[in-house]
Amino acid sequence: MAAAPTFEETTLLSYLSHFSNVLVKDVSLQKGKGLFAKKDFREGELIFEEKPLICGQFLWNSLYKYTACSHCLRSLETAEQMARRLSGNDSLELPYASKCCEITRMGLKIISCHNCQVKYCSEECRQRAWDHYHRTLCLGQNEGDPSHPLEQLQESWRKMHYPPETASVMLIAQMIATVLQAPDPKKMQDVFESFCHSVVNRGQQIVHKLLGDQFKEQLDILRVQMSNALYDEKLEEWFKMEGFLSLSVYVHNLENLGDITEDERQALDIFIDQLYEEMYNVSGQFLNCEGSGLYALQSSCNPSCEPNAEVTFPHNNSTLVLKALHDIKEGEEIVICYLNCCDRERSRHSRQRLLRENYLFNCTCPKCESQSGDPDVTSSEDDDDSMEEDS
């Protein structure tokens, strides 16, 4: 499949047309657009890969020293370095790290912005960031200066939006900067706006959910600080996507090791279990390197509690890969689930509550419709969570 052009080179519709295996078309007034297969896909087959329009690491996640490329979010730590930091054990050694850690194998070199301390995984990422948005957002010698408008904006956001994080106000700043630095700002503005309108028409509801409940109460503070830093009135709508894990590539590669004995594998399994327990005790909910981003094509996938495709991030960066969960026929709509595997098996009432709280919609997929007569009771997992919160 030919690589799609960048958003700077084309309109949104032209960009989407370069993905030859899928088609975006209108479904209904209620659902809006949907993504459909233009060929048969087998279970496990790659449907498409897509880089984000914009993406960024969560602010609390970054504050807790999760070192990642500022442009593509690739981890800049080896698995062993990350495990040592998360577990608080500087002498910890990971078995088979040289075989299973991508960064150890590649010998990744960290590149910094020439004017500030922002880090990148490559010169290409540094240059692309500078050309597209970082020239506007670069703090230079003002990094860490509490009086700088961008530092104030980030600090206000952290105070308003404690973990667990679901988005970052800096995504909005990056969108504004991208428009301001574009060769044709109006064209880039149209790309963002057509993207937003093609995804949702709920306007301020999405803005509210993107930044959380407290954003509604403290909107004026963020609006003033954003204006002080990057005054622009062009961008009004946002969209939020899930983040991804930093250690998943290492663990996935460990599972695929073929040249160790059964005793060694059992010892390795025990080691990994103990490592995660130790990491959780030290780092708690900050085990994952997380961020959010906007994906033009993937955002056209409608949700379903019985998905036929899933979103993955196998390259340890922000490149999204959509894979078929089972065989998909030509002409069939490609649907994904916004819930994880455990939440997907909860009661209809619990699933609907999670989707309303996090994505502002009531699911009308076949599974939810077939269970519409079920009593409105929560799953046992919800009851357990409530008991833990009360204790």
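With the first letter of the sequence shown counted as 1, position 180 gets the number 180 in the UniProt record's numbering; the numbers rise by one all the way through. Backbone N, C-alpha and C define an ideal beta-carbon position, used for all residues, glycine too. Quick caveat, the model's predicted, so the values are computed rather than measured.
Leaving out the 5 sequence neighbours to the left and right, which residues in its chain are closer than 6 Å to residue i when beta-carbon positions are compared?
i	result
isoleucine 328	Ala37, Phe41, Asn308
glycine 140	Asn115, Cys116
aspartate 374	Arg348
glutamate 45	Ala324
lysine 31	Asn302
Once the 5 residues before and after residue i are set aside, which same chain residues still bring their CB inside 8 Å of it?
i	result
phenylalanine 181	Checking the sequence shown, residue 181 turns out to be glutamine, not phenylalanine. Here the set comprises Asp131, His132, Tyr133, Arg135, Thr136.
leucine 355	Pro303, Tyr338, Leu339, Phe361, Asn362, Cys363
glycine 144	Glu151
Which one of the options has the shortest CA to CA distance from residue i?
i	options	result
threonine 67	Lys109, Gln152, Gln298	Lys109
cysteine 125	Arg356, Glu310, Thr319, Leu325	Thr319
serine 347	Glu330, Ser370, Phe361	Ser370
glutamate 306	His349, Leu355, Cys365	Cys365
proline 52	Ser156, Arg158, Leu23, Val321	Val321
threonine 178	Asn340, Lys119, His71	His71
glutamate 43	Ser350, Val27, His326, Met170	His326
methionine 170	Asp343, Pro183, Glu155	Glu155
glutamate 80	Leu153, Pro146, Asp90	Asp90
asparagine 316	Leu73, Lys33, Val27	Leu73
leucine 294	Val27, Pro185, Ala83, Ile172	Ile172
Which of helix, strand or coil does DSSP assign to residue i?
i	result
leucine 210	With a pLDDT of 45 at leucine 210, under the threshold of 50, the modelled position of that residue is not reliable, and the figure given next carries that caveat. Leucine 210 falls in the helix class under three-state DSSP.
aspartate 327	coil
cysteine 55	strand
aspartate 343	helix
alanine 182	coil
serine 370	helix
tyrosine 66	coil
isoleucine 111	strand
serine 147	coil
tyrosine 120	strand
asparagine 302	strand
serine 156	helix
serine 75	strand
tyrosine 133	helix
glutamate 80	helix
histidine 315	coil
isoleucine 91	Checking the displayed sequence, the identity of residue 91 turns out to be serine instead of isoleucine. Reduced to three states, the DSSP call for serine 91 is coil.
histidine 365	The sequence as given places cysteine at residue 365; histidine does not occur at that position. The answer is coil: DSSP assigns cysteine 365 none of H, G, I, E or B.
cysteine 125	helix
By Cβ distance below 7 Å, which residues in the same chain neighbour residue i in space, the five residues on each side in sequence not counted?
i	result
glycine 331	Phe36, Ala37
serine 122	Ile111
threonine 312	Val321, Lys323
histidine 148	Leu139, Asn142
serine 372	none
According to DSSP, residue i sits in a beta bridge with which residue or residues?
i	result
glutamate 50	Leu320
valine 24	Leu35
alanine 309	Ala324
phenylalanine 41	Ile328
phenylalanine 294	A small correction: the amino acid at residue 294 is leucine; phenylalanine does not occupy that position in the sequence shown. Per DSSP, Ile54.
glutamate 333	Phe36
For residue i, decide whether its Cβ has a neighbour in chain B, counting only Cβ atoms nearer than 8 Å.
i	result
arginine 356	No chain B is part of this structure, which consists of one protein chain only.
Give a yes or no on contact between the segment 296 to 310 and the segment 329 to 338, applying the rule of three or more CB pairs nearer than 8 Å. yes
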